[in-house]
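> Take the sequence shown: its position 8, counted from the start at 1, is 110 in the numbering used here, and no numbers get skipped.
Ideal Cβ positions, reconstructed from N, Cα and C, are used throughout, including at glycine.
My structure is below; once you've seen it, I'll send some questions.
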Amino acid sequence: MARRGIPQSLVDSVLRAPQQIVREQNGRVAYQSHVDFGEGQIFLLRAIVVDTVDPAMVVTVYRTSKINKYWRGTP
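What follows is the structure, given as C-alpha cells:
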C-alpha cells in the first residue's frame, strides 16, 4: 500500500463496504470500489483477499484505471 501510495483508510473502507465482491482464481476474492484519489479521476481500488482462512488475509491492494476490465455488470 505504501509503495503504491494507497492510504490505509481507503483500503479499510473498501474492505468494510465494497461496492462489489468478485471471485478470482485460486480461491481468492477481489473487494473493489470506485474511488476518487483526489486527482479528478475515478480509479478502481481492488483488495485481493484470501477469505478461506480465519482471519481473512489481504494479499495485495492496487488501483487501476481499467475499470471495465475488472468490474462485473454496469458500473
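Which parts of the segment 135-174 are runs of the beta strand (DSSP E), unbroken and 3 residues or longer, counting only runs that do not cross its ends?
Listed in chain order, they are 144-152, 159-166.
> Does the Cβ-Cβ distance between residue 133 and residue 152 come in under 7 Å?
Indexing the sequence shown from 1 puts residue 133 at position 31. Indexing the sequence shown from 1 puts residue 152 at position 50. No, the pair does not count as a contact, with Cβ atoms beyond the cut-off.
> If you draw a straight line from the alpha carbon of residue 122 to that of residue 108, how long is it in whole angstroms?
Your numbering for residue 122 matches position 20 in the sequence shown. Your numbering for residue 108 matches position 6 in the sequence shown. Near 19 Å, if we compare the C-alpha coordinates of residue 108 and residue 122.
> Could you tell me which residues DSSP pairs with residue 122 in its beta bridges?
In the sequence shown, residue 122 corresponds to position 20, counting from 1. Paired residues: 134.
> Between the Cα of residue 104 and those of 164, 173, 175, 174, spot the shortest distance and give me the residue it belongs to.
Within the sequence shown, numbered from 1, the residue matching residue 104 stands at position 2. It is 164.
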